[in-house]
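Peer 1: In this note's numbering, the protein residues as written are 173 to 632.
Virtual Cβ for every residue (Gly too), placed ideally from N, Cα, C.
Before I ask anything, here is the structure I am working with.
Following this line, the structure appears as structure tokens:
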């Protein structure tokens with residue numbers, strides 16, 4: 173481990189920012205893929221936006237499942253590096269890659285084989301919209317191996333303390349997608365107009381490109397001796413104890429994220445009762461809100477890596493200070509997001525859709541959801557902190573319970589005079605509660621568990 177990769181030393185704020193900025197930029201790039209698709213598809217029709225938005229839930233579900241190896245691998249590799257256990261870190265790298273590939277293959281088969289049943293679940297009420305959604309899902313599903321590979325490799329390289337390379341690779345993929353999207357959707361340059369299919373192909377091909385770049389980077393730098401932790405990896409000797417370690421950390425994070433996506437799919441089914449305009453409004457609104465989510469997700473990975481290395485090195489005082497600094501940073505992000513959503517909601521929506529009905533629903537969505545932004549950012553950062561100390565189950569209980577509450581709350585509130593706005597209030601109230609509870613629980617955990625360990629180290 174080189175000096176620049178050592179997160180157990182140096183100024184805490186500087187180290188967190190150095191690590192976090194490329195990560196949340198990378199997270200934003202992943203979100204930008206959806207933004208670009210939505211921007212161009214919005215020029216086709218609201219039905220096309222609804223179709224792609226429906227499929228987006230299964231991309232989200234896939235990203236949630238990939239957290240098994242993304243989070244589990246990142247934490248265990250970071251802890252091994254912090255403890256100077258190089259060979260153990262190599263085992264976690266190889267097992268994370270293998271397990272991730274197996275899970276991705278299974279998920280790919282499910283999406284492709286059962287695409288009609290999956291889309292049919294939503295009862296979109298329009299045959300054309302359902303047909304577009306099925307076409308999009310098949311193409312995206314077939315490329316799921318790459319969707320899983322890129323975030324996991326990004327997390328592995330980030331666990332070394334290097335978040336710049338994943339940012340560069342994903343940036344190249346985004347630029348490629350920006351160039352390819354209008355060409356394939358509208359048929360520029362003599363190519364046929366492919367519409368929604370073109371959007372799916374552009375996004376899938378961009379993911380393939382990023383995977384290729386990552387593989388080339390790893391192979392080249394490993395031969396040059398610049399990536400010693402990738403040298404001599406064994407993919408034939410699978411050990412259950414290593415796999416179990418990854419699962420114990422990654423599975424709770426994946427379950428809570430997958431259930432979150434699953435609950436959101438049920439919420440989407442409820443939203444569908446208000447028609448295509450409501451589906452399109454929520455799809456665009458979720459994309460807009462995801463800017464703050466992606467930024468804080470970057471901090472979450474940075475916090476997990478920072479705390480993981482310091483936890484492995486038994487630097488508990490530094491761990492505690494790092495968490496409090498990160499909470500201050502994400503609170504600033506949440507505040508900025510709140511102001512933007514409250515003041516520029518209509519202007520933002522006009523960039524993506526033109527139907528007055530969709531815009532009217534969407535403005536209310538952004539105004540209501542704005543009040544939860546600070547708490548959502550605190551929630552995401554604290555989840556990363558719990559992951560870093562190998563206690564993801566604690567945050568999982570809070571997140572799963574309160575996210576599940578969204579369904580009955582949405583049904584109850586939307587049945588009142590609030591109408592569809594009741595659904596948006598259900599999302600906001602539960603996000604506020606999750607942020608508050610997780611913040612309190614981590615501070616309590618530090619006082620009861622980490623503080624005594626710190627005292628023991630000082631005595632010894």
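1. Do the region 251-260 and the region 468-486 meet, that is, are 3 or more Cβ pairs less than 8 Å apart?
2. How many angstroms separate the CA atom of residue 360 from the CA atom of residue 354?
3. Would you tell me roughly how many angstroms separate the C-alpha atoms of residue 188 and residue 589, rounded to the nearest one?
4. Looking at the structure shown, is residue 631 part of a helix, part of a strand, or coil, going by DSSP?
5. Between residue 179 and residue 333, is the Cβ-Cβ spacing less than 7 Å?
6. With a threshold of 6 Å on Cβ separation, who are the neighbours of residue 618 within its own chain once the five nearest residues in sequence on each side are excluded?
7. Leaving aside the five residues before and after residue 545 along the sequence, list all residues of the same chain whose C-beta is less than 6 Å from its C-beta, in chain order.
8. What are the complete alpha helix (DSSP H) segments, minimum 4 residues, inside the region 527-594?
9. By Cβ distance below 7 Å, which residues in the same chain neighbour residue 575 in space, the five residues on each side in sequence not counted?
10. Among residues of its own chain, excluding the 5 on either side of residue 292, which ones have a beta-carbon nearer than 8 Å to its beta-carbon?
11. If you draw a straight line from the alpha carbon of residue 592 to that of residue 260, how long is it in whole angstroms?
12. Out of curiosity, what's the CA-to-CA distance linking residue 645 and residue 363?
13. Is residue 457 closer than 7 Å to residue 538 when the C-beta atoms are compared?
14. Tell me whether residue 659 sits in a helix, a strand or coil according to DSSP, three-state version.
15. Exposed or buried, what is residue 498 when buried is set at 16 or more other beta-carbons lying within 10 Å of its beta-carbon?
16. Anyone know if the C-beta pair for residue 552 and residue 461 falls short of 7 Å?
17. Could you say if the region 222-230 and the region 514-531 meet the contact criterion of at least three C-beta pairs nearer than 8 Å?
18. Nearest to residue 232 by CA position, among 426, 524, 474, is which residue?
19. Grouping DSSP H, G and I as helix and E and B as strand, with all else coil, what is residue 298?
20. Assuming residue 572 and residue 428 are in contact, meaning their beta carbons sit under 8 Å apart, how far apart are those beta carbons, in whole angstroms?
21. Along the alpha helix (DSSP H) that carries residue 354, what are the first and last residues, could you check?
22. Below 6 Å CB to CB, which residues in the same chain sit around residue 557 once its five sequence neighbours on both sides are set aside?
23. Thinking C-beta only, is residue 514 closer than 7 Å to residue 542?
24. Quick one: residues in its chain with C-beta nearer than 7 Å to the C-beta of residue 284, no 5 flanking neighbours on either side, listed in chain order?
25. May I have the straight-line CA-CA distance separating residue 500 from residue 473, to the nearest angstrom?
26. Cβ of residue 200 within 7 Å of Cβ of residue 371?
27. Can you list, in chain order, the residues of its chain whose CB lies under 6 Å from that of residue 321, leaving out five sequence neighbours each side?
28. Could you tell me whether the region 383-393 touches the region 326-343, using the rule of 3 or more Cβ pairs below 8 Å?
29. Less than 7 Å between the C-beta atoms of residue 208 and residue 350, yes or no?
30. Assign residue 333 to one of three DSSP states: helix, strand, or coil.
31. Using the beta-carbon count (16 or more within 10 Å), is residue 212 buried or exposed?
32. Tell me which residues share the same chain as residue 407 and place their Cβ nearer than 8 Å to its Cβ, disregarding the 5 neighbours each side in the sequence.
33. Let me check understanding here. Comparing Cα to Cα, which of 214, 197, 235 lies closest to residue 455?
34. Mind checking whether residue 550 and residue 611 have CB atoms under 7 Å apart?
35. Taking a contact to mean a Cβ-Cβ separation below 7 Å, would you say residue 276 touches residue 424 in this structure?
Peer 2: In short, the structure shows the following:
1. yes
2. Along the chain shown, one-based indexing puts residue 360 at 188. Along the chain shown, one-based indexing puts residue 354 at 182. Roughly 7 Å between the two C-alpha positions.
3. Translated into the one-based positions of the chain shown, residue 188 becomes position 16. Translated into the one-based positions of the chain shown, residue 589 becomes position 417. C-alpha separation (whole angstroms): 46 Å.
4. As a position in the chain shown, residue 631 is number 459, starting the count at 1. No answer about residue 631 holds up, because its pLDDT of 49 lies below 50 and its placement is not dependable.
5. Locating residue 179 in the chain shown gives position 7, where the first residue counts as 1. Locating residue 333 in the chain shown gives position 161, where the first residue counts as 1. Yes. Within cutoff.
6. By 1-based counting over the chain shown, the position of residue 618 is 446. Here the set comprises 492.
7. Reading the chain shown from its first residue, position 373 is the one you call residue 545. These residues qualify, in order along the chain: 464, 506, 509, 510.
8. 528-542, 545-560, 564-576, 578-586
9. Translated into positions along the chain shown, residue 575 becomes position 403. 431, 432, 435, 602.
10. Taking the first residue of the chain shown as position 1, residue 292 is located at position 120. Contacts found: 302.
11. Here residue 592 refers to the residue found at position 420 of the chain shown. Here residue 260 refers to the residue found at position 88 of the chain shown. The alpha-carbon atoms of residue 592 and residue 260 are separated by roughly 52 Å.
12. Residue coverage of the chain in this structure runs from 173 to 632, which leaves residue 645 outside it and unanswerable.
13. In the chain shown, counting from the first residue as 1, residue 538 sits at position 366. In the chain shown, counting from the first residue as 1, residue 457 sits at position 285. Yes. Within cutoff.
14. As shown, the chain starts at 173 and ends at 632. That puts residue 659 outside it, with no answer to give.
15. Within the chain shown, numbered from 1, the residue matching residue 498 stands at position 326. It is buried - the Cβ of residue 498 has at least 16 other Cβ atoms within 10 Å.
16. Start at 1 with the first residue of the chain shown, and residue 552 comes out as number 380. Start at 1 with the first residue of the chain shown, and residue 461 comes out as number 289. Not a contact, by the Cβ cut-off of 7 Å.
17. no
18. Stepping through the chain shown from its first residue, residue 232 is reached at position 60. Cα-wise, what sits closest to residue 232 is 426.
19. Counting from 1 along the chain shown, the entry for residue 298 is found at position 126. Coil at residue 298, not helix or strand.
20. Reading the chain shown from its first residue, position 400 is the one you call residue 572. Reading the chain shown from its first residue, position 256 is the one you call residue 428. About 5 Å; that satisfies the 8 Å criterion.
21. Taking the first residue of the chain shown as position 1, residue 354 is located at position 182. Per DSSP, residue 354 belongs to the alpha helix (DSSP H) from 336-358.
22. Within the chain shown, residue 557 is the residue found at index 385, counting from 1. Counting only Cβ-Cβ distances below 6 Å, and skipping sequence neighbours, we find 475, 479, 495, 614.
23. On the chain shown, position 370 is the one that residue 542 refers to. On the chain shown, position 342 is the one that residue 514 refers to. The answer is yes: Cβ separation under 7 Å.
24. Position 112 of the chain shown, counted from the first residue, corresponds to residue 284. Only 310, 313, 314 meet the Cβ criterion.
25. Stepping through the chain shown from its first residue, residue 500 is reached at position 328. Stepping through the chain shown from its first residue, residue 473 is reached at position 301. Straight-line Cα distance between these residues: approximately 16 Å.
26. Counted from its first residue, the chain shown places residue 200 at position 28. Counted from its first residue, the chain shown places residue 371 at position 199. Contact flag unset, no.
27. Numbered from its first residue, the chain shown carries residue 321 at position 149. 383.
28. yes
29. One-based indexing of the chain shown puts residue 208 at position 36. One-based indexing of the chain shown puts residue 350 at position 178. Yes, the Cβ-Cβ distance between residue 208 and residue 350 is below 7 Å.
30. Taking the first residue of the chain shown as 1, we reach residue 333 at position 161. If DSSP states are grouped into helix, strand and coil, residue 333 belongs with coil.
31. Here residue 212 corresponds to residue number 40 of the chain shown, with the count starting at 1. Buried is the call here.
32. Reading the chain shown from its first residue, position 235 is the one you call residue 407. Only 266, 269, 270 meet the Cβ criterion.
33. Against the chain shown, residue 455 aligns to sequence position 283. When only C-alpha atoms are compared, the closest one is 214.
34. As a working note, residue 550 is residue 378 in the chain shown. As a working note, residue 611 is residue 439 in the chain shown. Yes, the Cβ-Cβ distance between residue 550 and residue 611 is below 7 Å.
35. Translated into the one-based positions of the chain shown, residue 276 becomes position 104. Translated into the one-based positions of the chain shown, residue 424 becomes position 252. No, they are not a contact pair.
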